[in-house]
Structures are given as C-alpha cells and as structure tokens.
Amino acid sequence: MQGTARQSKARHGKARHGTARHGTARQMHINIYIIHVCKFTYDNLHVVNQPYLVIPGRSSLFHYTIFHKMVLIKVQNNEGKNVNVEKFAPFFFVLYGDIQYGMIRANHGWAEERLLLREAVKKTNKLKPPFVIALGDLTNKFPIDELQNNQIVDLKNDFTLLDKSIDLYVFCGNHDVGNEPTYETINHFEKTWGDSYYSFVYNNCGFIILNSPVFFDDTHVSELKDKQLKWLEDTLKKMTSLHVKYKFLLLHHALMYDHIYEDENIGLIYGDKFHSYSEKNKFHIKKETRLIIYEMLKKYKVSHVFCAHLHANREGNIDANIKQVTISAVGMQATYDKSGVLIVQVGNSGVDYKYYPFEYIPNVINV
Numbered sequence: 000m001q002g003t004a005r006q007s008k009a010r011h012g013k014a015r016h017g018t019a020r021h022g023t024a025r026q027m028h029i030n031i032y033i034i035h036v037c038k039f040t041y042d043n044l045h046v047v048n049q050p051y052l053v054i055p056g057r058s059s060l061f062h063y064t065i066f067h068k069m070v071l072i073k074v075q076n077n078e079g080k081n082v083n084v085e086k087f088a089p090f091f092f093v094l095y096g097d098i099q100y101g102m103i104r105a106n107h108g109w110a111e112e113r114l115l116l117r118e119a120v121k122k123t124n125k126l127k128p129p130f131v132i133a134l135g136d137l138t139n140k141f142p143i144d145e146l147q148n149n150q151i152v153d154l155k156n157d158f159t160l161l162d163k164s165i166d167l168y169v170f171c172g173n174h175d176v177g178n179e180p181t182y183e184t185i186n187h188f189e190k191t192w193g194d195s196y197y198s199f200v201y202n203n204c205g206f207i208i209l210n211s212p213v214f215f216d217d218t219h220v221s222e223l224k225d226k227q228l229k230w231l232e233d234t235l236k237k238m239t240s241l242h243v244k245y246k247f248l249l250l251h252h253a254l255m256y257d258h259i260y261e262d263e264n265i266g267l268i269y270g271d272k273f274h275s276y277s278e279k280n281k282f283h284i285k286k287e288t289r290l291i292i293y294e295m296l297k298k299y300k301v302s303h304v305f306c307a308h309l310h311a312n313r314e315g316n317i318d319a320n321i322k323q324v325t326i327s328a329v330g331m332q333a334t335y336d337k338s339g340v341l342i343v344q345v346g347n348s349g350v351d352y353k354y355y356p357f358e359y360i361p362n363v364i365n366v
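Just so we're aligned, residue 0 is where the sequence shown starts under this note's numbering, counting upward by one.
Here it is, written out as structure tokens:
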C-alpha cells in the first residue's frame with residue numbers, strides 16, 4: 000500500500016449518541032470529568048438527564064454505558080475527548096500495527112522497538128490527530144510472565160510521549176493474551192490496559208473493537224466468544240438505530256486471508272525477514288466464526304475492517320461493500336515493508352487511507 004491512496008464509500012445518516020462497551024473504564028492519568036451518561040440496555044435507550052461524575056481509578060460507570068458527550072473507555076491520556084456524536088464532520092485518525100516490544104531480539108531486549116515507537120509518536124504528535132488506535136500485539140512475550148510485565152512498563156512509559164491532546168486506544172492481540180487465551184490471561188490484560196473489546200463514537204462514526212484471539216481459538220473461552228458475538232450484534236444494531244455515518248470494525252487478526260469463504264487449510268505464506276514459511280490459517284479467523292461475523296457486517300453495513308497481525312501490508316474486498324485493510328507493523332516487519340502507520344481520512348464522500356513509512360509521513364493532513 001506504500002505510495003498509493005485507497006478510497007471506498009459508504010452512505011449513512013446521523014447519530015444522536017455514542018456507544019461504549021459495558022465494564023469498568025480504566026484510564027491512565029485521567030482527570031475528573033463531568034459527562035452526561037445514558038443507560039444502555041438491549042431493549043431501550045434511557046437518557047439520564049443529569050451529569051455523572053467520573054473519578055479516576057474508581058469503578059463509577061454503569062454497565063452497558065453510552066456516553067453522550069465524551070468517550071472515556073480506553074482513553075489512555077489525561078484528557079477525555081469531546082465527541083460530536085450528532086453531526087458528522089470530516090476528521091482523520093492514525094493506526095499503529097504490531098508494536099510488539101521484544102520481537103526483533105526474541106525478547107532479549109527491545110531497544111529497537113522503543114526507538115521505532117518513539118519515531119511513530121514523534122510523527123503523530125506533528126499531525127495532531129484526535130486519537131490513535133494500536134491494533135494489538137503491544138508486547139512480544141506471552142502472558143503471564145515477568146518479562147512481559149517489563150515490556151509493558153517500558154511501553155507505557157513510551158506512550159506518555161504522545162501529545163496529551165491525542166487520545167490513545169489499545170486492544171489485545173495474540174501475544175497480549177496468548178494463542179490459546181484463557182480467562183486468566185484476558186483478565187491480566189484488562190487489569191493492565193482496560194477492556195479487551197469495546198466501542199465508541201467519534202464525529203458521528205462508530206468504532207467497534209474486538210478481542211480477536213477469542214475468535215481465533217476459543218478452546219478455553221467458548222462462553223466469552225459467544226458473549227462477544229452477541230455483544231457485537233447488539234452494538235451494531237444500536238449504532239444502526241442511531242444512524243452513524245460510517246461503521247468501522249477493528250481487530251488484531253484479519254477475518255480472511257484471500258477471500259471470506261476460504262477454508263482452514265489454504266496453504267503457506269513465506270516471511271522474507273524470517274526466512275521461513277507459516278500456515279496462512281494463522282492469519283485469519285476460523286471459518287465458522289468468520290462467517291457469523293461477516294453476516295453481521297453485511298446486515299448492519301460496516302464499511303471497513305482494519306487489522307494487523309501479519310506484519311505486512313495487505314488489503315482486499317470482503318465483498319463489494321466491505322473493505323479489509325491489514326497494516327504492517329510499527330515494530331518488526333515480516334516482508335520488505337517498512338515500519339510505519341496507517342492514516343485514515345474520513346470525509347463526506349468516503350474514506351481514504353494510506354500506509355506511510357516513517358520517513359514519508361506528512362507533517363499536515365488536510366480534511
């Protein structure tokens with residue numbers, strides 16, 4: 000995708016409220032905010048006609064919460080973001096693929112990854128997007144391990160270099176919760192970073208974040224997989240009823256490698272930098288679950304799916320109306336792509352996106 004811009008279009012209406020996943024809002028260095036809160040159930044939307052006090056470090060939010068003016072779930076910086084949920088206005092945001100502290104040297108240090116992330120942050124600070132989303136595999140060491148905790152400490156320290164006007168959203172990849180995630184590893188992630196799946200609305204556009212390792216292998220977490228699938232449909236349904244202009248799905252694993260109906264055994268892929276082959280089925284969601292998700296995306300008119308995990312740039316059409324965009328890594332590359340970020344521009348007539356290696360990231364994005 001280097002050097003080329005892609006465009007696709009979707010047409011929707013307006014929204015009146017933003018959505019957020021149930022659970023406790025976990026924040027780093029969050030100030031006290033007064034926000035207007037709505038209770039959200041799957042049957043109705045009830046507006047609480049009074050401000051609600053959010054105090055950092057306390058479990059003070061309702062389950063199944065919708066925020067009217069601010070989205071705080073997963074915000075890692077010290078300011079919440081005023082969100083225009085009723086009227087669309089053009090904007091852009093930045094995506095970071097696999098940061099993965101420790102991968103380059105197989106967990107024997109991660110100085111290179113720290114330099115790469117700091118370069119990404121430096122370039123992002125010049126652009127001043129409203130928010131950044133990191134697409135999983137934040138660290139390389141699998142949980143639960145002291146070395147992973149050390150990687151997390153350094154990563155959080157480096158994230159503090161992000162300009163305080165820019166909100167940071169993160170979610171889990173397979174290295175964050177394991178290739179066969181358990182309730183213990185997911186709980187460890189959520190205590191460290193916050194909810195592993197959630198949603199929010201910014202400028203009348205819906206963002207839905209999934210815990211894809213649960214879909215990749217649900218051996219130990221089948222109930223959580225089913226719970227998340229139900230939550231996904233309920234969230235898409237609610238966003239549709241609120242008439243958001245665009246709906247974006249973000250997850251670590253891609254839904255598909257070549258096409259949406261592909262089977263499990265689809266051959267091998269060669270990693271140039273690894274000098275080895277991997278099975279392609281490590282880079283998609285299993286067919287049964289994938290097709291369940293796909294039917295929801297069609298039904299509720301999701302326009303784009305953004306993912307990582309491959310450590311290489313790749314894109315394709317899930318169908319005529321849904322684009323899947325897999326982005327390469329901030330950290331180690333599997334092919335001859337370069338470390339960089341994806342910049343997504345959301346306009347009145349469509350959605351443009353382009354992957355920029357660090358040296359080609361512009362200083363200004365016009366929306």
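Even for Gly, the Cβ is constructed at its ideal location relative to N, Cα and C.
Asparagine 264, DSSP secondary structure in three states
The residue labelled residue 264 in the question sits at position 265 within the sequence shown. Three-state DSSP puts asparagine 264 in coil, outside helix and strand.
Can you tell me where the alpha helix (DSSP H) with proline 212 in it begins and where it stops?
Locating residue 212 in the sequence shown gives position 213, counting from the first residue. From DSSP, the alpha helix (DSSP H) with proline 212 extends over 211-215.
With alanine 133 as the anchor, note down where its beta strand (DSSP E) starts and where it stops.
What you label residue 133 is simply residue 134 of the sequence shown in a count that begins at 1. Its beta strand (DSSP E) spans residues 130-133.
Phenylalanine 206, DSSP secondary structure in three states:
Indexing the sequence shown from 1 puts residue 206 at position 207. Correct three-state label for phenylalanine 206: strand.
Burial state of asparagine 210 (16 or more Cβ within 10 Å)
Locating residue 210 in the sequence shown gives position 211, counting from the first residue. Looking at its Cβ environment, which holds 16 or more other Cβ atoms inside 10 Å, asparagine 210 is buried.
Range of the contiguous alpha helix (DSSP H) that encloses asparagine 365:
The residue you call residue 365 lines up with position 366 of the sequence shown. Unbroken run through asparagine 365: none, as it is neither H nor E.
Would you be able to state if there are at least three C-beta pairs under 8 Å between the segment 167-186 and the segment 107-121?
no
How big is the Cα-Cα spacing for aspartate 217 and lysine 285?
Counting from 1 along the sequence shown, the entry for residue 217 is found at position 218. Counting from 1 along the sequence shown, the entry for residue 285 is found at position 286. Approximately 10 Å, taken between the alpha carbons.
By Cβ distance below 8 Å, which residues in the same chain neighbour glycine 346 in space, the five residues on each side in sequence not counted?
Start at 1 with the first residue of the sequence shown, and residue 346 comes out as number 347. Result list for glycine 346: Pro89, Val366, in chain order.
On a CA-only basis, which of Val169, Met255, Thr234 is nearest phenylalanine 130? Give me that one, please.
On the sequence shown, position 131 is the one that residue 130 refers to. Phenylalanine 130 has its Cα closest to that of Val169, out of Val169, Met255, Thr234.
When you compare only the Cα positions, how much space is there between tryptophan 192 and aspartate 97?
Within the sequence shown, the letter at position 193 stands for residue 192. Within the sequence shown, the letter at position 98 stands for residue 97. So the alpha carbons of these two residues sit roughly 16 Å apart.
Determine the contact status of leucine 228 and lysine 246, defining contact as a CB-CB distance below 8 Å.
The residue given as residue 228 occupies position 229 in the sequence shown. The residue given as residue 246 occupies position 247 in the sequence shown. In this structure, lysine 246 does not lie closer than 8 Å to leucine 228 by Cβ.
Is it true that the CB of isoleucine 342 sits closer than 8 Å to the CB of phenylalanine 91?
For this step, residue 91 is matched to residue 92 along the sequence shown. For this step, residue 342 is matched to residue 343 along the sequence shown. In contact: phenylalanine 91 and isoleucine 342 (Cβ atoms closer than 8 Å).
Applying the criterion that 16 or more other CB atoms from any shown protein chain within 10 Å of the CB defines a buried residue, is serine 338 buried or exposed?
As a first step, residue 338 must be located in the sequence shown, where it is residue number 339. Serine 338 is buried by the Cβ-count criterion.
Counting C-beta neighbours from all protein chains within 10 Å, is the total for tyrosine 256 16 or more, i.e. buried, or is it exposed?
As a first step, residue 256 must be located in the sequence shown, where it is residue number 257. Under this definition tyrosine 256 is a buried residue.
Please report the residue range of the beta strand (DSSP E) in which lysine 163 lies.
For the purposes of this step, residue 163 is identified with residue 164 of the sequence shown, where counting begins at 1. Element bounds for lysine 163: n/a, residue is neither H nor E.
Where does glutamine 99 sit, in a helix, a strand or coil, going by DSSP?
Here residue 99 refers to the residue found at position 100 of the sequence shown. Note: glutamine 99 maps to coil in three-state DSSP.
Can you give me the C-alpha to C-alpha distance between phenylalanine 215 and valine 84, rounded to a whole angstrom?
Here residue 215 corresponds to residue number 216 of the sequence shown, with the count starting at 1. Here residue 84 corresponds to residue number 85 of the sequence shown, with the count starting at 1. Using only the alpha carbons, I get a separation of about 33 Å.
How is glutamate 179 classed by DSSP in three states: helix, strand or coil?
Numbered from its first residue, the sequence shown carries residue 179 at position 180. Reduced to three states, the DSSP call for glutamate 179 is coil.
What are the start and end residues of the beta strand (DSSP E) that includes asparagine 316?
Counting from 1 along the sequence shown, the entry for residue 316 is found at position 317. Counting along the chain, the beta strand (DSSP E) containing asparagine 316 begins and ends at 313-316.
Label alanine 333 either buried or exposed according to how many other C-beta atoms from any shown protein chain fall within 10 Å of its C-beta, with 16 as the threshold for buried.
Looking up residue 333 in the sequence shown gives position 334. It counts as buried.
Is the segment 152-167 in contact with the segment 123-143, if contact means three or more CB pairs nearer than 8 Å?
yes
Buried or exposed: where does valine 340 fall if 16 or more other Cβ atoms within 10 Å of its Cβ makes it buried?
Here residue 340 is taken as the residue at index 341 of the sequence shown, counted from 1. Buried is the call here.
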